[in-house]
Each structure stands twice: as C-alpha cells, then as structure tokens.
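Peer 1: In terms of numbering that gives the first Met the number 0, the numbers along the sequence shown are unbroken and rise by one, the last being 284.
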Amino acid sequence: MNYRHGFHAGNFADCMKHALLVWLVQALQRKPAPLFVLDTHAGAGRYDLTDERARRTGEAEAGIRRLRADPPAALAPYLASVAAALALPSRSAGGEGDNAYPGSPSLLRALLRPQDRLACCELHPEEAAALRRYFGHDPQVAVHQRDAWEALRGLLPPREKRGLVLLDPPFEDRQEFARLATGLATAAARFPTGVLAAWYPIKHRAPVRAFLDAVGESGLRDVVAAELWLREPLDPARLNGCGLLVVNPPYGFETAAPALLAALRERLGFGEEGEGWDLERIADE
0 MNYRHGFHAG NFADCMKHAL LVWLVQALQR KPAPLFVLDT HAGAGRYDLT
50 DERARRTGEA EAGIRRLRAD PPAALAPYLA SVAAALALPS RSAGGEGDNA
100 YPGSPSLLRA LLRPQDRLAC CELHPEEAAA LRRYFGHDPQ VAVHQRDAWE
150 ALRGLLPPRE KRGLVLLDPP FEDRQEFARL ATGLATAAAR FPTGVLAAWY
200 PIKHRAPVRA FLDAVGESGL RDVVAAELWL REPLDPARLN GCGLLVVNPP
250 YGFETAAPAL LAALRERLGF GEEGEGWDLE RIADE
C-alpha cells in the first residue's frame, strides 16, 4: 500500500517488462478469437516524467528516454505501442509526449482489439481513483479496487477462455516471492489456457533462485524465465535487474525474446561487469 510507481515509471525494468508484454499480447492476437487481459497490480494509467517523484529518482533517463533517443529496430513494436498508449484520450493528468510514460493498463488498452477486454485491479485508493479517471466509461475496461491475490479467484476463469494475466506486485516485503508463486499456482488452476506473466526484481540471486525452484517444483508446466541485469546481482539493497516469468508462452516466444533482451541490454546497459540477459526454461510442456 506504500508503493507508488511514479518514482520508477519508465525505468529499465518497465521497458523490459513492457517490451515482452507487448510481444505476448500481439502473439495471442494472431488468432481472431477474443482475449481477456487481467492486470493484477495496475497502478495509475499514465505517469508524468516531469513530476517531482520521477525527477527525484531520474530512472526514466536511463530507461525510456534512452530508447527514444536511439530506438533499436527490435523494440519498434514496443515503442509504437507506448506512443499509441499515450495517444489514448484520458481524463487524468500525466504529462504529454516524451514527458509521459504509460502504465501497464494504458499500454494493454492500446493493444486491445474491439473484441478484447481488460480488467485492472489496484488496491491503493489514490491510484485506483486515478485509474478510474483515466479510463472514464471505457466499455472495454473494468477497474476494480481490490486485493490482487483475491481477484485471481474472483475474476478467473474468464468467459473468453483465452487471454493473459499480468502479475506485477510491488515487492514491498520478503513474502512477496512466496505470494507470487502461490498466485501463479492459483491463476494456472483457474485459467489453465491463459498466458501468465509475472514480473520479479533481481537484487541478489538467493531469493530469485528460491522462487524459480519453487515454481519448478510446483507442478506448473511450460514455464520460461526471461531476465535482464545491468550489473552483477550481488547487492540486496539495489535493483540490479529484473525478470519476467511466463507460463504457457505463445508459440515463438523463446525465439523472439533473445532479440528483445539483447536490444534492451545494448541500449540500457552501462558496460558494467556482470551485465547481461538470460532465457531459461523452468518447466517443460
């Protein structure tokens, strides 16, 4: 309840998460059948990069602003989706043009076709209110001020039978990895045909390895972990990298993801020792 993404909007972790997310949604849309998309920790719809919070950390300068200044070809679909999200009509303030960055619900909304729908969950009252203002009375979007983990039981399975669940918790305490592993198991049990995408931070290796081991031993099938780190993950007090765990990835994900991760590392890295990316299969189909 204390986490506010405005301090971190458009940082390298957002860029990595959203570049892969765009690919996943567009891959699902190769088929015409409607999709249901659930964003469990939605935050606000849009962030002002000139806001005091964003300027205090300066994280967007080393993230989305670097990609906009020198856009790699591999990330063109992601950057086009960011621009499309920022062009959506909105009733909430959040910067304009290059001074703004879309939250995941805005990015997902920009990707929806007429037959698709989006549900967003946000527990923080101010963020939930901002999200409602952002979407207004959009008939394709539902905003729920509710606990994300409870929502997995309340909103799944969807009537569409196809779709994606984005789990992006704030990692405010040490139990978040355990909650995420449990949430993945719950979502997979209730929506076995859905694609699940779970973001996680990489500060040091021990908690990440424990989480991936727990997922691998949980009985979940067809699980891949994509990771990007900008420095050796040794300092538990610093965000050194991040990962996106994908359950039931669409066909071609393991072929396409390396180019996205390599482009992100090339543009967003600083040449520090230990910098890199990885794609690891955690569980077979």
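Even for Gly, the Cβ is constructed at its ideal location relative to N, Cα and C.
Does the structure place the region 194-209 close enough to the region 235-249 that three or more beta carbon pairs sit under 8 angstroms?
Peer 2: Short answer: they touch.
Peer 1: Mark H123 as exposed unless 16 or more other C-beta atoms lie within 10 angstroms of its C-beta, in which case mark it buried.
Peer 2: Flag for H123 reads buried.
Peer 1: Could you tell me the alpha carbon to alpha carbon distance between R152 and G135, rounded to whole angstroms?
Peer 2: Those two C-alpha atoms are separated by around 26 angstroms.
Peer 1: If I measure Cβ to Cβ from V194 and keep anything under 8 angstroms in the same chain, skipping five residues before and after, which residues do I get?
Peer 2: Around V194: L23, L27, G162, L163, V164, V245, V246, N247, P248, P249.
Peer 1: Would you decide whether L220 is buried or exposed? Buried here means 16 or more other CB atoms lie within 10 Å of its CB.
Peer 2: Looking at the sequence itself, residue 220 is Arg, so the reference to Leu does not match. With fewer than 16 other Cβ atoms within 10 Å, it is exposed.
Peer 1: Would A79 be called buried (16 or more neighbouring beta carbons within 10 Å of its own) or exposed?
Peer 2: By the 10 Å Cβ count, A79 comes out exposed.
Peer 1: Between the Cα of G102 and the Cα atoms of F252, D115, I63, G273, which residue gives the shortest distance?
Peer 2: The shortest Cα separation from G102 among F252, D115, I63, G273 belongs to I63.
Peer 1: By Cβ distance below 6 angstroms, which residues in the same chain neighbour H4 in space, the five residues on each side in sequence not counted?
Peer 2: Closer than 6 angstroms at the Cβ level, and outside the excluded window around H4, lie G42.
Peer 1: Do you know whose CA, among I281, L85, F210, lies nearest R173's CA?
Peer 2: If we check each option's Cα against that of R173, F210 comes out closest.
Peer 1: Are there 16 or more other CB atoms within 10 angstroms of the CB of E95, so buried, or fewer, so exposed?
Peer 2: So E95 ends up on the exposed side.
Peer 1: Label P235 either buried or exposed according to how many other C-beta atoms from any shown protein chain fall within 10 Å of its C-beta, with 16 as the threshold for buried.
Peer 2: Its Cβ having fewer than 16 others within 10 Å, P235 is exposed.
Peer 1: Does the distance from the CB of P76 to the CB of V21 come in under 7 angstroms?
Peer 2: In this structure, V21 lies closer than 7 angstroms to P76 by Cβ.
Peer 1: Per DSSP, what are the beta-bridge partners of H143 in this structure?
Peer 2: Partner(s): C120.
Peer 1: Restricting to runs no shorter than 3 residues, where is the beta strand (DSSP E) found entirely within the region 12-44?
Peer 2: The qualifying runs are 35-38.
Peer 1: Do P232 and R266 have their CB atoms nearer than 7 angstroms?
Peer 2: No; because the gap between Cβ atoms is not below 7 angstroms, this pair is not in contact.
Peer 1: Please go through the same chain and pick out, in chain order, the residues whose beta-carbon is closer than 8 angstroms to the beta-carbon of G215, but skip the five residues on each side of it.
Peer 2: Around G215: V222, I281, A282.
Peer 1: For the beta strand (DSSP E) holding G162, just list the boundary residues, first then last.
Peer 2: 162-166 is the span of the beta strand (DSSP E), which, as asked, contains G162.
Peer 1: Just the Cα atoms here: how many angstroms apart are A53 and A32?
Peer 2: C-alpha separation (whole angstroms): 39 angstroms.
Peer 1: The alpha helix (DSSP H) with D50 in it runs from where to where?
Peer 2: Neither: D50 is in no alpha helix (DSSP H) and is coded neither H nor E.
Peer 1: Rounded to a whole number of angstroms, what is the C-alpha to C-alpha distance between N1 and A187?
Peer 2: Confidence in N1 is poor, its pLDDT being 48 and thus under 50, which makes the residue's placement unreliable; the coordinate value appears in the next sentence. Straight-line Cα distance between these residues: approximately 28 angstroms.
Peer 1: With DSSP as the reference, label E58 as helix, strand or coil.
Peer 2: Helix, per DSSP.
Peer 1: Which runs of the alpha helix (DSSP H), 4 residues or longer, sit entirely within the region 248-275?
Peer 2: Listed in chain order, the complete alpha helix (DSSP H) runs (minimum 4 residues) inside the region 248-275 are 252-267.
Peer 1: Helix, strand or coil: which one does DSSP assign to E226?
Peer 2: The answer is strand: DSSP assigns E226 an E or B state.
Peer 1: Could you tell me whether the Cβ atoms of L179 and M15 are closer together than 7 angstroms?
Peer 2: Not in contact: L179 and M15 (Cβ atoms no closer than 7 angstroms).
Peer 1: Report the rounded CA-to-CA distance for L154 versus T39, giving the unit in angstroms.
Peer 2: If I take the Cα positions, the gap works out to 10 angstroms.
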